[in-house]
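*Asks:* Sharing a structure below in structure tokens format, with a few things to ask.
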Amino acid sequence: MRAALEEIKILKSSIDAISNIIDEAGIIVSKEGMTLRAMDPAHVAFVDLQITKDAFSDYKVEEKLTLGLDLDRFNTILKRAGSSDKLTLSANDETTMNIEIKNSSTRRFELPLIDISEEEIKLPSLDFPAEIELDTKVLVEGIKDAEIVSDNIIFKVDENNLYLEAKGDLGNVNVKVDKDKAITFRVDSPCNSMFSIEYLKDMVKASDIAKSVKVYFGKDIPLKLEFIAPEVRLSFLIAPRVESE
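Laid out in structure tokens, this is it:
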């Protein structure tokens with residue numbers, strides 16, 4: 559396989575976000591594109607990355623491959639690429655991936671591949687009472703605000719507003735997003751759930767790939783974040799933190 563990418567931030571931002579949550583994963587390379595689906599070791603978060611072949615300036619795949627990656631090492635190499643560099647990934651088998659970064663110079667890296675369990679991840683079917691699309695900056699800043707006072711953030715919604723709230727010994731934070739300020743706003747019933755800020759901080763590192771993010775949640779069910787650009791779709795699921803009675 560050989561895949562050349564000129565819009566580097568698609569892969570760079572995606573892997574930067576994913577590698578902080580998941581240590582190892584297999585990228586499935588097919589004639590249609592690349593996919594990565596994995597669960598973190600604590601079974602708190604799930605990642606689903608899909609990059610179509612149209613995202614690449616050159617894309618050749620003769621047979622389906624699973625590239626088992628140490629994502630932290632892969633991320634370290636990708637960080638060596640600048641925004642104007644051309645990135646080329648190539649592999650003849652499932653033992654080594656070659657990474658070429660080209661601009662005024664040509665740099666080549668060999669990354670040994672690892673064995674990855676190809677066990678299918680089964681996810682529960684979820685019915686989300688709330689689906690809201692908003693500017694990624696609003697979500698990023700809301701999470702940063704909440705982190706000032708707490709390790710957790712509460713997503714709450716009513717018929718007219720989305721609220722991002724946090725409470726702690728250092729005070730309280732409340733961020734309100736009016737229905738009219740959201741890109742899309744669907745709420746079947748008011749609901750709220752609490753989530754780990756540490757996980758969400760890593761997930762929103764993917765905000766560079768899309769100007770907006772879709773947020774799905776309900777009452778004490780996982781929250782879904784979906785970043786969508788023309789040739790890439792990156793989704794995260796994070797389990798709620800349920801307060802004991």
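Numbering (the numbering used here), first residue to last: 559 to 803. A virtual CB, placed ideally from N, CA and C, is assigned to each residue, including glycine.
Is it a yes or a no for the segment 627-639 touching the segment 664-682, going by three-plus beta-carbon pairs under 8 Å?
*Replies:* The segment 627-639, when compared against the segment 664-682, does touch it at the 8 Å Cβ threshold.
*Asks:* Based on the DSSP output, what are the partners of T742 in its beta bridges?
*Replies:* Numbered from its first residue, the sequence shown carries residue 742 at position 184. Paired residues: E691.
*Asks:* Evaluate V605 with the Cβ neighbour count: other Cβ atoms within 10 Å of its Cβ, from every protein chain shown; 16 or more gives buried, anything less gives exposed.
*Replies:* The count along the sequence shown starts at 1 and reaches residue 605 at position 47. It counts as buried.
*Asks:* Is the separation between the beta-carbon of D616 and that of I566 shorter than 8 Å?
*Replies:* In the sequence shown, counting from the first residue as 1, residue 616 sits at position 58. In the sequence shown, counting from the first residue as 1, residue 566 sits at position 8. Not closer than 8 Å, so no.
*Asks:* Any idea which residues DSSP pairs M761 with across the strands?
*Replies:* Translated into positions along the sequence shown, residue 761 becomes position 203. Answer is none; M761 lacks a bridge partner.
*Asks:* If contact is defined by three or more beta carbon pairs under 8 Å, each pair taking one atom from either stretch, is the segment 778-787 in contact with the segment 722-741?
*Replies:* As far as the Cβ criterion goes, the segment 722-741 does not touch the segment 778-787, which means the pair count is below three.
*Asks:* How big is the Cα-Cα spacing for F713 and Y757?
*Replies:* Against the sequence shown, residue 713 aligns to sequence position 155. Against the sequence shown, residue 757 aligns to sequence position 199. Distance between the alpha carbons of F713 and Y757: 14 Å.
*Asks:* Excluding the five sequence neighbours on either side, which residues of its own chain have a C-beta within less than 6 Å of the C-beta of L728, listed in chain order?
*Replies:* For the purposes of this step, residue 728 is taken as the residue at position 170 of the sequence shown. These residues qualify, in order along the chain: V707.
*Asks:* Considering only the beta carbon of each residue, do V715 and A740 sit closer than 8 Å?
*Replies:* Position 157 of the sequence shown, counted from the first residue, corresponds to residue 715. Position 182 of the sequence shown, counted from the first residue, corresponds to residue 740. Cβ distance not < 8 Å, so V715 and A740 don't count as in contact.
*Asks:* Cutting at 6 Å between CB atoms, please list the residues of its own chain near A603, excluding the five before and the five after it.
*Replies:* Within the sequence shown, residue 603 is the residue found at index 45, counting from 1. Around A603: I579, Y757, I796.
*Asks:* Ordered along the chain, which non-local residues of its own chain (more than five positions away) have a Cβ less than 7 Å from that of E564?
*Replies:* Numbered from its first residue, the sequence shown carries residue 564 at position 6. Once the five neighbours on either side are set aside, the close Cβ partners of E564 are S615, K644.
*Asks:* Quick one: is A575 buried, meaning 16 or more other Cβ sit within 10 Å of its Cβ, or exposed?
*Replies:* Counted from its first residue, the sequence shown places residue 575 at position 17. A575 should be labelled buried.
*Asks:* Going by beta carbon distance, what residues of the same chain come within less than 6 Å of R560, once the five residues before and after it are set aside?
*Replies:* Translated into positions along the sequence shown, residue 560 becomes position 2. K618, S648.
*Asks:* Are the Cβ atoms of A636 and I585 separated by less than 8 Å?
*Replies:* Here residue 636 refers to the residue found at position 78 of the sequence shown. Here residue 585 refers to the residue found at position 27 of the sequence shown. For the sequence presented, residue 636 should be read as Leu rather than Ala. Against a cut-off of 8 Å, the Cβ pair of I585 and L636 comes out as no contact.
*Asks:* Locate the alpha helix (DSSP H) running through S571, then write down its first and last residues.
*Replies:* Taking the sequence shown and counting its residues from 1, the one referred to as residue 571 is at position 13. First-last of the alpha helix (DSSP H) with S571: 567-577.
*Asks:* Distance, Cα to Cα, R704 vs L692?
*Replies:* For this step, residue 704 is matched to residue 146 along the sequence shown. For this step, residue 692 is matched to residue 134 along the sequence shown. It is Ala, not Arg, that sits at residue 704 in the sequence shown. The alpha-carbon atoms of A704 and L692 are separated by roughly 18 Å.
*Asks:* Could you give the distance in angstroms between the alpha-carbon of S747 and the alpha-carbon of R638?
*Replies:* Walking along the sequence shown from the start, residue 747 turns up at place 189. Walking along the sequence shown from the start, residue 638 turns up at place 80. When rounded, the distance between both Cα atoms is 46 Å.
*Asks:* In or out: L589 buried (at least 16 other Cβ within 10 Å) or exposed?
*Replies:* Your numbering for residue 589 matches position 31 in the sequence shown. Reading off the sequence, residue 589 comes out as Lys, not Leu. So K589 counts as exposed.
*Asks:* By DSSP's criteria, M752 is part of a beta bridge. Which residues make up the other side?
*Replies:* Sequence index remark: in the sequence shown, residue 752 carries index 194 (1-based). DSSP output for M752 lists I712 as bridge partner(s).
*Asks:* Per DSSP, F794 is paired with what?
*Replies:* Sequence index remark: in the sequence shown, residue 794 carries index 236 (1-based). Answer is V605, L783.
*Asks:* Could you tell me the boundaries of the alpha helix (DSSP H) in which F632 lies?
*Replies:* Locating residue 632 in the sequence shown gives position 74, counting from the first residue. Note, F632: alpha helix (DSSP H), 629-636.
*Asks:* How long is the line joining the alpha carbons of V587 and N718, rounded to whole angstroms?
*Replies:* Taking the sequence shown and counting its residues from 1, the one referred to as residue 587 is at position 29. Taking the sequence shown and counting its residues from 1, the one referred to as residue 718 is at position 160. Their Cα atoms are separated by approximately 43 Å.
*Asks:* Comparing C-alpha positions only, which one of E621, D612, V773, E677 sits nearest to V696?
*Replies:* Within the sequence shown, the letter at position 138 stands for residue 696. Minimum Cα distance to V696 is reached at V773.
*Asks:* Secondary structure at L697, three-state DSSP: helix, strand or coil?
*Replies:* The residue labelled residue 697 in the question sits at position 139 within the sequence shown. Here L697 sits in helix by DSSP.
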